[in-house]
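Step one of this worksheet: look at the structure below.
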Amino acid sequence: MAAGTKYKEVAFVNEPDVGRRDDVEGWTTLPPTNRGVEYSEAATLPLGCPSVGEKINEWDSRTDKFTDKKESKGCDACCRCLLRSKHKLPEHPTMAQRIHYSLTCPPHGKVADILLWLVIGTAVWGCLICITGQLALPGGNLFSLAVLYMAAVLSGRAAAAVGMPPLLGSLVAGILFESVPGINAVGHNVDVFWSSVIRNLVLVIILLRAGLGLDPAALRKLSCVVLRLAFLPCVVEAVVAALMAKLLLSLPWLWSFMLGFVVAAVSPAVVVPGLLKLAEEGYGVEAGIPTLVIAAASLDDVLAITGFSVMMGLAFAEGSLVWTLAKGPLEVVAGLVYGVVFGALCWVLPHQESKDRPAFKFVILFFLGCLGMFGSHKVGLESSGPIAVLSLAFVTGLGWRQSANKDEEVSGYYRALWEVFQPALFVLIGAEIDVGRIDAGTIGWGLLALLVCLSLRVATSFLVVMGAGFSLLERLFIAIAWLPKATVQAAIGSHALDYVRRHGNDPDDIFRGQQVVTIAVMVILVTAPIGAAAIKLTGPKFLARHQSHDSQA
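Under full-length UniProt numbering, the letters of the sequence shown match residues 1 to 553, in that order.
Listed below in structure tokens is the structure:
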């Protein structure tokens with residue numbers, strides 16, 4: 001130490017208080033604070049030297065200058081204006097400031113998400129081009145399917161942004177890509193076979209979800225009200241629609257009943273989200289209306305799909321009269337046997353000690369469902385496919401509910417799978433509609449038939465819940481909630497047309513199949529937005545709110 005310099009030993013307990021210094025009798029002292037890591041060693045500070053805090057500040061300033069110099073060398077000349085660190089949002093930014101900030105680097109927020117998907121999509125497209133060649137290039141089947149799917153997702157989000165069901169946007173996108181000159185080449189280039197395969201694949205997902213959702217214990221608790229609401233409105237509407245189709249469209253009786261069951265099914269994809277939203281806000285919870293309607297919706301779809309499958313089996317039966325009469329019941333029995341046998345197999349596979357058991361359950365059930373659907377086409381029993389998948393999921397669900405580990409994760413997997421494939425289903429069913437080729441009589445008579453059918457459905461739904469303890473307004477709400485249609489219409493609406501295309505291409509049957517598809521799409525376009533809006537608007541007015549939610553409000 002230099003001679004004549006005074007020093008004092010200072011023991012720091014904590015990190016020194018930056019920027020503060022006291023001179024007492026020529027000594028530099030720094031009071032302890034609670035701001036940092038404790039120091040156990042002693043330090044000596046000569047009189048007049050900078051405090052530790054000042055040294056830290058000096059070091060920080062040097063570091064900042066060094067960093068700025070380093071950034072300026074690589075970035076200032078070309079992209080300093082794009083660096084996010086150089087552009088901070090004010091407390092109340094304008095729209096222009098928000099847009100500018102969202103485009104700064106590194107990518108962040110929604111811009112980063114969009115960029116991520118663009119990179120992934122471009123990479124996938126590049127791989128497909130390398131593997132399949134022309135199929136993935138403009139004009140190829142894979143390219144057209146990819147364009148339709150992206151359009152379906154974007155239009156679905158646009159529809160959701162304005163309060164409409166996303167499926168409506170996807171459906172309209174498919175119609176536009178099939179009908180509008182200039183872009184209709186995309187719809188025309190979709191291979192009919194692969195379109196049918198994808199729609200059947202989505203139908204498997206729908207049926208597996210419906211079958212797993214049927215809880216016998218819950219249905220017994222809700223007594224016969226669920227059964228009345230599920231079956232009577234569906235049967236009444238199917239019969240009336242069949243009569244109207246026979247009288248107005250001159251369809252054969254079996255085709256008329258096929259159309260009737262297509263029209264009659266309610267759509268859980270529209271009904272369930274609206275009811276869950278109302279339930280979260282406390283509307284109708286005490287009366288059990290959301291539970292009643294959601295449970296009945298699955299049964300309604302099961303009845304409609306089963307009725308359609310039976311009628312389709314009878315309509316396309318070939319051979320002798322005996323075989324024609326026996327084929328329909330045979331397809332039902334074959335589907336039930338398949339579902340019971342392989343559903344029971346799913347009770348024991350995978351075994352209880354298996355790792356990732358829910359994932360294996362999802363995989364085995366999904367591929368057994370696909371085997372039942374596509375295998376029925378190979379053996380000539382097409383109508384048994386939906387029945388096989390439904391019974392498979394129902395029997396499997398019975399065994400899983402009795403086990404200690406119910407594995408709700410499996411239902412979560414199917415829910416996620418449905419979210420992925422839902423846009424594909426509706427954009428492909430929309431792509432079956434060429435507005436320029438639609439028969440005007442089909443639209444006109446179809447709208448009239450739809451008006452009559454919906455009126456009778458509302459009246460029937462209102463009557464079947466009488467005596468169940470609901471008020472007049474609650475019964476009216478249930479009848480309104482039973483209006484929307486979408487999922488089943490999109491899934492089975494083109495089933496008959498696909499069959500005709502695969503077997504013979506009879507012009508009369510093709511025209512009838514196109515009529516069924518046209519009316520199915522028209523039903524979705526009319527009832528989905530009206531039903532969703534009606535549930536949203538009438539729920540808070542017609543349903544009583546739970547007291548806990550009233551107090552929170």
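The beta-carbon is built from N, C-alpha and C at its ideal position, and this holds for glycine as well.
Point to revise | Cα-Cα separation between Phe-426 and Leu-330, rounded to whole angstroms | key: Those two C-alpha atoms are separated by around 31 Å.
**Study point:** Inter-residue spacing [alpha-carbon to alpha-carbon] between Ala-287 and Phe-470
**Key:** Taking the straight line from one Cα to the other gives about 7 Å.
Practice item. Count the other CB atoms, across all protein chains shown, that sit within 10 Å of the CB of Phe-66; report buried if there are 16 or more and exposed otherwise. Key: Here Phe-66 scores only 49 on pLDDT, less than 50, and its place in the model should not be relied on; the value that follows carries that caveat. With fewer than 16 Cβ atoms within 10 Å of its Cβ, Phe-66 is classed as exposed.
Point to revise | Start-end ranges of the alpha helix (DSSP H) lying completely within the segment 226–267, minimum 4 residues | key: Here the runs fully enclosed are 253–264.
Exercise for review: Name the one or two DSSP bridge partners that Tyr-283 has.
Suggested key: Bridge partners of Tyr-283 according to DSSP: Arg-545.
**Study point:** Proximity below 9 Å, CB of Gly-430 to CB of Ala-160
**Key:** No, the pair does not count as a contact, with Cβ atoms beyond the cut-off.
Check your understanding: What residue from Leu-398, Leu-145, Gly-446 and Leu-543 has the CA that sits closest to Thr-518's CA?
Key -> The candidate whose alpha carbon is nearest that of Thr-518 is Gly-446.
Review point. For Val-322, is the classification buried or exposed, using 16 other Cβ atoms within 10 angstroms of its Cβ as the cut-off for buried?
Key: Classification for Val-322: exposed.
**Study point:** Classification of Met-466 by the beta-carbon crowding that lies within 10 angstroms, buried from 16 upward
**Key:** The residue in question, Met-466, is exposed, as its Cβ has fewer than 16 Cβ neighbours within 10 Å.
Practice item. Answer yes or no: does any C-beta atom of chain C fall closer than 9 Å to that of Cys-130? Key: This model lacks chain C altogether, as it is built from one protein chain only.
Review point. Is it the case that the Cβ atoms of Ala-264 and Cys-234 are separated by a distance below 9 Å?
Key: Contact flag set, yes.
Exercise for review: Excluding the 5 residues preceding and the 5 following Ala-230 in the sequence, name in chain order all residues of the same chain whose CB lies nearer than 6 Å to its CB.
Suggested key: Cβ within range, chain order: Ala-296, Leu-299 and Asp-300.
Check your understanding: With distances taken between CB atoms, is the gap from Pro-423 to Pro-165 smaller than 9 Å?
Key -> Judged by beta-carbon spacing, Pro-165 lies beyond the 9 Å limit of Pro-423, meaning their Cβ atoms are not closer than that value.
Exercise for review: Check whether the Cβ atoms of Val-236 and Arg-475 sit closer than 9 Å, and answer yes or no.
Suggested key: Note that the C-beta distance between Val-236 and Arg-475 is not below 9 Å.
**Study point:** Exposed unless 16 or more other CB atoms sit within 10 angstroms - verdict on residue 561
**Key:** An answer regarding residue 561 cannot be provided, because it is not within the stretch 1 to 553 covered by the chain.
Review point. So, using beta-carbon positions, are Phe-421 and Leu-201 closer together than 9 Å?
Key: A contact, by the Cβ cut-off of 9 Å.
Review point. Can you check whether the CB of Leu-483 is closer than 9 Å to the CB of Val-226?
Key: Not closer than 9 Å, so no.
Exercise for review: Name the two residues that bound the continuous alpha helix (DSSP H) containing Arg-415.
Suggested key: Unbroken alpha helix (DSSP H) run through Arg-415: 408–430.
Practice item. Can you give me the Cβ contacts of Ser-384 inside the same chain, cut-off strictly under 6 Å, excluding the 5 residues immediately before and after it? Key: Only Glu-331, Ala-334, Gly-335 and Ser-376 meet the Cβ criterion.
Point to revise | 8 Å Cβ shell around Ile-433 - same chain, five flanking residues per side excluded | key: Spatial neighbours of Ile-433 in its own chain (CB-CB distance under 8 Å, excluding positions within 5 residues in sequence) are listed in chain order as Gly-174, Ile-175, Glu-178, Ser-179, Val-517, Thr-518 and Val-521.
Practice item. Name the residue from Leu-428, Trp-400, Thr-132 and Ala-532 whose alpha carbon lies nearest to the alpha carbon of Val-190. Key: Residue nearest to Val-190 within the set Leu-428, Trp-400, Thr-132 and Ala-532 is Leu-428 (criterion: CA-CA distance).
Check your understanding: Residues in its own chain within less than 6 Å of Met-373 by CB, not counting five upstream and five downstream?
Key -> For Met-373, where only same-chain residues beyond five positions count, the Cβ hits under 6 Å are Asn-200, Val-204, Gly-385 and Val-389.
Review point. If you count every other CB in all the chains shown that lies within 10 Å of the CB of Ala-151, and 16 or more means buried, which is it?
Key: That one is buried.
Review point. Does the distance from the C-beta atom of Ala-486 to that of Leu-115 stay below 9 Å?
Key: It is not a contact, given that the beta carbons lie outside the stated cut-off.
Check your understanding: Can you tell me whether Gln-134 is buried or exposed, with buried defined as 16 or more other CB within 10 angstroms of its CB?
Key -> So Gln-134 counts as exposed.
Review point. For the alpha helix (DSSP H) that contains Lys-361, what are its first and last residues?
Key: Counting along the chain, the alpha helix (DSSP H) containing Lys-361 begins and ends at 357–378.
Point to revise | C-alpha distance - Glu-419 paired with Ala-479, whole-angstrom precision | key: Each residue's Cα considered, the two are about 27 Å apart.
Check your understanding: Given a threshold of 16 other Cβ atoms within 10 Å of its Cβ, counted over all protein chains shown, does Gly-182 qualify as buried or as exposed?
Key -> When all chains shown are included, Gly-182 counts as exposed.
Check your understanding: Whose C-beta lies closer than 6 Å to the C-beta of Ala-146 among residues of the same chain, with five residues either side of it excluded?
Key -> Listed in chain order, the non-local C-beta contacts of Ala-146 below 6 Å within the same chain number zero, local neighbours out to five positions each way being set aside.
Point to revise | Closest residue to Phe-542 among Thr-122, Val-119, Tyr-283 and Leu-276 (Cα-Cα distance) | key: The residue among Thr-122, Val-119, Tyr-283 and Leu-276 with its C-alpha nearest the C-alpha of Phe-542 is Tyr-283.
Exercise for review: Determine, using beta carbons only, whether Ala-245 and Ala-449 come nearer to each other than 9 Å.
Suggested key: Yes; because the gap between Cβ atoms is below 9 Å, this pair is in contact.
**Study point:** Three-way DSSP call (helix, strand, coil) for Thr-94 in this model
**Key:** Of the three classes helix, strand and coil, the one that applies to Thr-94 here is coil, per DSSP.
Point to revise | C-alpha gap between Gly-513 and Met-95, whole angstroms | key: Cα to Cα, Gly-513 sits roughly 51 Å from Met-95.
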